[in-house]
Structures are given as structure tokens and as C-alpha cells.
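Take a look at the structure below.
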Amino acid sequence: MSVTTGHTYYDDLVEGHAFPPYQWTVTDADVAELEACVVVGPLRTPDGTAVPTAVPTAETATETAGRKPLSPFMLNTFKAMRVAISMPDGLLHARETLELHAPAYPGDRLSLTLRVKSKHIKNDKKFVLMEHEITRVDDQRPIMTVDRLIVWVK
Amino acid sequence: MTTTALPAPTVLVADIPPISQDQINRFGALLGTHGKIHTDPEFARNTPLKGVIVQGMLVLAPIHEVMSRIFGPERWLANGRIETKIIAYTRPGEAGRITVEIERSDAAEASGSFTIAKANGDSVLVGTFRLGGAA
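Going down the list, the sequences are from chains D and V.
Just so we're aligned: 11 in the numbering used here is position 11 of the first sequence, and the numbers increase by one with no gaps anywhere.
Position in the second sequence (first residue = 1) + 1000 = the numbering used here.
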């Protein structure tokens, strides 16, 4: 970590290092906030023909308890990185892989383990691949794995 | 719940309305993506990017709703995988369109590619998807 700025830079990150788990719970208010930010129109063909909704949408899907599953993007938080690392301004997101294992629901207690999966330098750019393993605390069920490739500022 | 069988290849699209600075700020506060390059127009103007850019994950997030509509949320959330590369910036106020090309779709597997592009057709994000069978 830089002594002068307190920020975490490329050389401070160690491949294979896992940070302490970050735990949180997504609330109904969080879901409403995400829905205010993420908007998408109806599905159609390129010529404008509407596609019948023959399958339940994320908006209408319910479990027996009437709960709607969380968007993976509600779980794909950067807060774990911000807790673990003093992120300098200027980091750029290059690639993302999401592997989904099971739905999660509002109120679930979730745990995210963040790990420095790999680092490399290409064309003078410093890349860090951060792995995020998200599990539900109650039953230890894997929910989602995210590999996030970030161009580190220096 | 079963998923509607889709002929492959099939191309489907969905429009993304313009993303406002308010949405960018709220998304950033919600998920920790509140770096100044997204939320501070004055700071962003004085960087090589010369202005605010939308978080890549805010641009990508509608893919969840699209995949859920096509394949059903149970299958998507239990067995889905996407790989994506951010290839250009989206600015506040820019609209987008998701185009999904389904190359295979049957009970065992679905796979294909997607692009998120600006209104002028320039791609900002490209990726592939794969789903296993129904959970």
C-alpha cells in the first residue's frame, strides 16, 4: 500500500490472496433502488415483432413464498472490494464473467469471498483478475462466482 | 416450469432507455461503483476520458431481465454463465440496445452471443452466454 496516498496499487496485490469474507443482506429497498436504475424495454425481433412472454419474467417469477429472485447484478457488488482494498481513482473495468449457481432472495444473508486470482501486464497496462465467490450463509449454498478483470491505475 | 423452445439461430433485441446521471449516482451508491469517473462530472472532464462514463455493470445489468424473459429465471439463475468484454464507453444520456443471438436452444443447453450497442450502432459491450438444462 502506498505510504503517501494510502491506496492499494498493482504491486501491493498478491496472487492467491483471499480477503476476509464480506457479509451483507439485500433488502426490498435495495431491490427497488436497482429497479429504478436498470430499465429495459420489451423483447422483440429486429423487425419489431413482439416476442410472446411464454416464460415467466424476472419481474413476475415467484417462489412459493411469493418472493422474486434477486438480479445477479444486485449481488455483483463492488463494496467487498472497497472494504478490502483502498481503491484508487482511475481503475477501469475490462471484462466480467458471471457464473450463476442458484437464485438468492431479499433477506438472504450473503457472504462474498474476494481473492486476487491473477495479475499480468500487457501493453504496459496492469491487469488484476479478482474472483468473487458468493454464498448464502444459512445453507452455504453457492450463489454466484464472478471473475472481474480490472485495469489497475498503477 | 418449462422454457419455451426457440428456433436457433434466433435474434432478439430489447432497447435500453437513456441512462441519466441520477441513475448512475444511485447505482454507484447501491453497489459501491461510485468512483469519481462515474459520479463527478468536473473531475471526469479533467481526465483522459474527458467526461463521466456509465459503470460497465449498469450497462450490462439489463441482460439479466433479457435472459430471464428468454429462458426463464429459474434456468438462468441456476445454470447461466456470461462472459463479457467492455469495448467502449457509454456516456450519460445515451440509449442502448441489447441484441441476443441464440445459436443453440434445447432442453440440455442454450448458448449464443450478445451485444450492447449505442443508438448509432457502435458496440460498447460484447459477450457470450451459456445455460445448462433446467434446474
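For glycine and all other residues, C-beta sits at the position ideal for the given N, C-alpha and C.
At least one CB of chain D closer than 7 Å to the CB of Gly-1093/V: is that the case?
Along the second sequence, one-based indexing puts residue 1093/V at 93. Taking Cβ atoms only, chain D never reaches closer than 7 Å to Gly-1093/V, which makes this a no.
With a threshold of 16 other CB atoms inside 10 Å of the CB of Arg-1075/V, please say whether the residue is buried or exposed. The residue labelled residue 1075/V in the question sits at position 75 within the second sequence. Buried, since its Cβ has 16 or more Cβ neighbours within 10 Å.
Problem set entry | Val-1100/V, DSSP secondary structure in three states | Sequence index remark: in the second sequence, residue 1100/V carries index 100 (1-based). Residue state, collapsed to three classes: strand.
Thr-113/D, DSSP secondary structure in three states
As a first step, residue 113/D is located in the first sequence; it is residue number 113 there, counting from the start. DSSP places Thr-113/D in strand when its eight states are reduced to three.
Three-state class that DSSP yields for Ile-1053/V in the structure shown: As a working mapping, residue 1053/V is identified with position 53 in the second sequence. DSSP places Ile-1053/V in coil when its eight states are reduced to three.
Which residues in the same chain have their Cβ closer than 6 Å to the Cβ of Ser-1113/V, if we skip the five residues on either side of it in sequence?
-> Mapped onto the second sequence, residue 1113/V falls at position 113. Excluding residues within five positions, the ones whose Cβ falls inside 6 Å are Glu-1101 and Thr-1128.
Exercise. Identify whether Ile-121/D lies in helix, strand or coil by the three-state DSSP scheme.
Key: Position 121 of the first sequence holds residue 121/D. Looking at Ile-121/D - three-state DSSP - the assignment turns out to be strand.
Strictly below 7 Å CB to CB, what residues from chain V border Val-51/D? Position 51 of the first sequence, counting from 1, holds the residue named residue 51/D. Residues of chain V passing the Cβ test: Leu-1012.
**Q.** Beta-bridge partners of Glu-1083/V, as assigned by DSSP
**A.** Against the second sequence, residue 1083/V aligns to sequence position 83. Paired residue(s): Thr-97/D and Thr-1128/V.
| field | Cα-Cα separation, Ala-61/D to Arg-1045/V | value | Here residue 61/D refers to the residue found at position 61 of the first sequence. Here residue 1045/V refers to the residue found at position 45 of the second sequence. Because the pLDDT of Ala-61/D is 49, which lies under 50, any placement of that residue in the model is unreliable, and the question is left without a value.
| task | Please look up how many angstroms separate the CB atoms of Gly-16/D and Val-146/D, rounded, as I've assumed it's under 8 Å. | result | Counting from one through the first sequence, the residue named residue 16/D turns up at place 16. Counting from one through the first sequence, the residue named residue 146/D turns up at place 146. That belief does not hold up - the Cβ atoms of Gly-16/D and Val-146/D are roughly 17 Å apart, past 8 Å.
Q.
Can you tell me whether Asn-1079/V is buried or exposed? The criterion is at least 16 other CB atoms within 10 Å of its CB, across all chains shown.
A. Position 79 of the second sequence, counted from the start, is the residue given in the question as residue 1079/V. Burial call: buried.
Using a Cβ-Cβ cutoff of less than 7 Å, which residues in the same chain neighbour Leu-13/D once the five nearest sequence positions on both sides are dropped? Here residue 13/D corresponds to residue number 13 of the first sequence, with the count starting at 1. Cβ neighbours of Leu-13/D beyond the five flanking positions: Val-116, Lys-119 and Val-128.
query: Name the residues in the segment 1111 to 1127 of chain V whose C-beta lies less than 8 Å from a C-beta of chain D; which are they?
result: none
Open item on the list: Quick check on the DSSP output: the alpha helix (DSSP H) that includes Phe-83/D runs from which residue to which?
Closed with: Here residue 83/D refers to the residue found at position 83 when the first sequence is read from its first residue. Note that residue 83/D corresponds to Val in the displayed sequence, not to Phe. 79 to 84 is the span of the alpha helix (DSSP H), which, as asked, contains Val-83/D.
- [ ] Would you grab the beta carbon distance between Arg-82/D and Gly-1032/V for me? Rounded to a whole angstrom, and I think it's under 8 Å.
- [x] Reading the first sequence from its first residue, position 82 is the one you call residue 82/D. Reading the second sequence from its first residue, position 32 is the one you call residue 1032/V. About 5 Å; that satisfies the 8 Å criterion.
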